[in-house]
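Quick note, the sequence shown lines up with residues -17 to 744 if you use this note's numbering.
Every residue, glycine too, gets a C-beta built ideally from N, C-alpha and C.
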Amino acid sequence: GATLMAAPGRAKNPEPAVPPFPLSSYLLANLKADCLNKPFAQRCHDLTTIIEDFPAKELHAIFPWLVENIFGSFDGIISGWNLRCLQGRTSYTEYNVALDFLSPGGPMMKLVYKLQAEEYRYEFPVSHLPGPVKTSIQERILPECSLYHNKVQFPPTGGLNLNLILNPYEYYMFCFAISLLTQRGISTTCPISMSNSAYFILVDRYLKWFLPIEGSVPPIPSSEPGGVVPSPAPRSPTMPFTSYGMHPTSLLKRHVAHQTSVNAADPASQEIWRSETLLQVFVEMWLHHYSLDMYQKMQSPHIKLEVLHYRLSLSSIHPVQSSHQALRTYQESFKPTEEHVLVIRLLLKHLHAFSNSVKSEPISPSGHSHTASPLEEFKRIVIPRFVQQKLYIFLQHCFGHWPLDASFRAVLEMWLSYLQPWRYAAEKQLPSAEAPLRSVSEKWEPFVQENLLLYTKLFVSFLNRALRTDLVSPKNALMVFRAAKVFAQPHLAEMIQRAEQLFLEADLSLPHRQHRLFLTPSLGGSFLSGRAPTITDASFKVKSHVYGLEGQDVQYRQMFGTEVRNLVLRLAQLIGQAQQSARSLSERSAEAGPSQSFLSWFWFGSSDLNGSYLGNDMDEIGQESIRKTDEYLEKALEYLCQIFRLNEAQLSQLILTRGGAAEESGKKLLPDCIEDEDGLTLTPLGRYQIINGLRKFQVAYQGDPELQPIRSYESATLVRLLFRLSLAINERFGNQMERLCAREDFLGSFCRYHLTNLSLVA
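Here's what the structure looks like:
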């Protein structure tokens, strides 16, 4: 079965169809001309009038053009209204007009519902879907997301020019969501913050409208008295597919199939499909991205076997690409942008608030539980069923491929937002500036258990990143502080440790080989933590989560095991070294300030032959940033000690013995290295520090002081000119100066003091 589909007889009007009447062509030509001749606000006003006055037949012909005109083309060439750069502070009128026109209750959505009532269909090219989805569909392997079921149109002539046949609501939301990716190149010229853009505000409004925290989804406005816009019904598939999973149909149809007491006239029952579609589109477009190796890893053995049988049976009928060839087409690496991550964080924060707003079930006097509405049921399963797996893989991709710079803060905050659903609960306390860390309630332990890998494996990935960054930078120090602070919340570390023990304990109730087949959510595994007594013990749920995301052959690294503890100790040592480096920089900058003379502008002021240039050791050099770095690192070290129960006294001694000796004189640290039989050998971190100019070896010139090489911070032309001048003076007056220096009287002493190097004379 499939979800959100149209009746077979009405799905015959895809986008490229010739407009039925010349009026629609005339209307489209006028609208295109208006784009060149009329101001933006006037065009939107005219469109509002057209949507109100014209019948669906004429509006159907202009709908694909209008959507492209707003959101831009799939190839990114047409920028559309450029919603990602539209901000109220710089373009007040256009910003407000665009938001009013595109808001959930605005004219554009009225057009969508008007076309929805007539059951028109539009083509969306599979080639513009996210890489993993596109590749699997082109291999004729249907993704397990029900959003794609029975919607793929395969051309009768063969080839890979596949299209999805979508209803107006689906088509609009697909184009809105994919524009975040297709228009990514345009935003590089926008100096504004993403969180203030029209696109970001629209995402927020759509989430609040279609996934309401209070009440139900507002009903679809009817264009005719007594008319009802039908929710999509299933239709027959247009091509054969092998499915990744064995999903039942949509959430609504599952609910109606199992809850016979649902009132058919209930608006929530009729409108839940919009909520489900919106969420699935956002998740598929924004989160379904990962590298090639992850794509191959996600195909479990039984699925690969099923696909192999299917290909063998199909090979004599339709020649299709081999698996290797199809995978080769998905070699390009996906690089999410900061604004992409910010939008995902907005989605996650709203989903936490949405799922936390679920009502507790009242128990009737007869002892039977009250039947929950479809929206309430949706709230219970929205994160584990629709979001968890794709978010986990997306975060793994970001942790492994994001540059080692301060821009990673966006990914970090998205991850930390997901790990703290209690921050978005209705009963949350008002935070105060100096309040201690708030304790995590026991009610969140099931969430920690069912998301164990997002806590533990991603924390280890963050540790590995932190070990390769320059912690003297305040921005990098802040990221370590933020992660440590979240994990140091009272009771959270204990919950994670208990969940790890539940996973590691022996499970005698099931043969080990069945974990992957029996427990994965795509094969019917339930995640209804508060409502499913059939999943009995917590150990079973934790194993279900880990095997479902990592496969049966997972090699689990304990967050509280010896290996990770050693990584934490290594990070603690680097924190100590970074603190010493920051203090050293502070002292040197304080000393350098008052001692600079006018001659130092011409490099005459330094008497240190081996003096080094401070260079770019910090992204924000200055006393304030150094103070911030020290504070962040000090608190991060304190939090790490709390999380892993480290002895602060022993840790301080370890830091001193490892890095304190090199800092004894208050000078710079050497690059990170280890001592072996060949002497000092650079570690990968040490190489990174040298390549990026963060640290360097103290190389001293040992030759003739008069013939020192020209330094990088000196003017080579000026040094050579002065050297030649000195040579000329010495050749011209050398004999006279030698005779003056040889005298034993006051004049001889004076000349020896000013004309010779006393260390050489001695």
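{"Query": "Cross-strand partners of proline 37 (DSSP beta bridge)", "Result": "Note: proline 37 sits in no beta bridge, so no partner."}
{"Query": "Contacts around alanine 159, its chain only, beta-carbon distance under 6 Å, and the 5 residues preceding and following it disregarded", "Result": "Val263, Phe264 and Met267"}
{"Query": "Backbone CA spacing between phenylalanine 522 and glutamate 532 [nearest angstrom]", "Result": "15 Å"}
{"Query": "In DSSP terms, what cysteine 655 is bridged to", "Result": "Leu664"}
{"Query": "Same chain, Cβ closer than 7 Å to tyrosine 188, five either side skipped, listed in chain order", "Result": "Pro86 and Leu260"}
{"Query": "Segment contact, 8 Å Cβ cut-off, at least three pairs: the stretch 468 to 484 with the stretch 444 to 451", "Result": "no"}
{"Query": "Cβ contact check for the stretch 448 to 455 and the stretch 377 to 384: 3 or more pairs under 8 Å", "Result": "no"}
{"Query": "C-alpha distance - asparagine 145 paired with glutamate 320, whole-angstrom precision", "Result": "30 Å"}
{"Query": "Residue range of the beta strand (DSSP E) that includes glycine 146", "Result": "The question names glycine, but residue 146 is leucine in the sequence shown. Note, leucine 146: beta strand (DSSP E), 145 to 148."}
{"Query": "Residues bridged to phenylalanine 106 (per DSSP)", "Result": "Leu146"}
{"Query": "Exposed unless 16 or more other CB atoms sit within 10 angstroms - verdict on alanine 197", "Result": "Reading the sequence as shown, one finds glycine at residue 197 and not alanine. Per the 10 Å Cβ criterion, exposed."}
{"Query": "For glutamine 632, three-class secondary structure by DSSP", "Result": "helix"}
{"Query": "Paired residues, beta bridge with valine 134 - DSSP", "Result": "Leu146"}
{"Query": "Simplified DSSP assignment, three categories, for isoleucine 365", "Result": "helix"}
{"Query": "Inter-residue CB distance, glutamine 483 and asparagine 433 (contact presumed, cutoff 8 Å)", "Result": "In fact, because the Cβ distance is near 16 Å, the residues do not count as touching under 8 Å."}
{"Query": "Exposure of lysine 372, with buried meaning 16 or more beta-carbon neighbours within 10 Å", "Result": "buried"}
{"Query": "Expected contact under 8 Å - CB spacing of glycine 62 and glycine 54 to nearest Å", "Result": "4 Å"}
{"Query": "Leucine 449, DSSP secondary structure in three states", "Result": "coil"}
{"Query": "Candidates Ala392, Arg450 and Glu427: closest to valine 524 by CA position", "Result": "Glu427"}
{"Query": "Secondary structure of glutamine 831, DSSP reduced to three states", "Result": "Absent from the model: residue 831. The displayed extent of the chain is -17 to 744, so no value can be given."}
{"Query": "Beta-carbon proximity list for glycine 633, same chain, < 6 Å, skipping 5 on both sides", "Result": "The residue you asked about is not glycine; residue 633 is leucine in the sequence shown. These residues qualify, in order along the chain: Ala554."}
{"Query": "Buried or exposed (CB count within 10 angstroms, at least 16 for buried), serine 175", "Result": "exposed"}
{"Query": "Outcome for threonine 611 when other beta-carbon atoms lying within 10 angstroms are tallied against a minimum of 16", "Result": "buried"}
{"Query": "Which residues DSSP lists as bridging serine 179, in chain order", "Result": "Gln69"}
{"Query": "Spatially closest choice to histidine 271 from Ile326, Ser257 and Arg256, by CA coordinates", "Result": "Ile326"}
{"Query": "Reduced DSSP secondary structure (H/G/I, E/B, other) of glutamine 540", "Result": "coil"}
{"Query": "Inter-residue spacing [alpha-carbon to alpha-carbon] between phenylalanine 542 and phenylalanine 626", "Result": "7 Å"}
{"Query": "Whole-angstrom distance between serine 118 and leucine 124, CA atom to CA atom", "Result": "7 Å"}
{"Query": "Span separating the alpha-carbon of alanine 407 from that of alanine 465", "Result": "21 Å"}
{"Query": "Contact under 7 Å by Cβ, alanine 392 with tyrosine 621", "Result": "no"}
{"Query": "Which of helix, strand or coil DSSP assigns to leucine 111", "Result": "coil"}
{"Query": "Within 7 Å, strictly: CB atoms of valine 199 and serine 257", "Result": "yes"}
{"Query": "Endpoints, alpha helix (DSSP H) assigned at proline 456", "Result": "456 to 469"}
{"Query": "Closest residue to valine 340 among Leu329, Val528, Leu357 and Gln24 (Cα-Cα distance)", "Result": "Leu357"}
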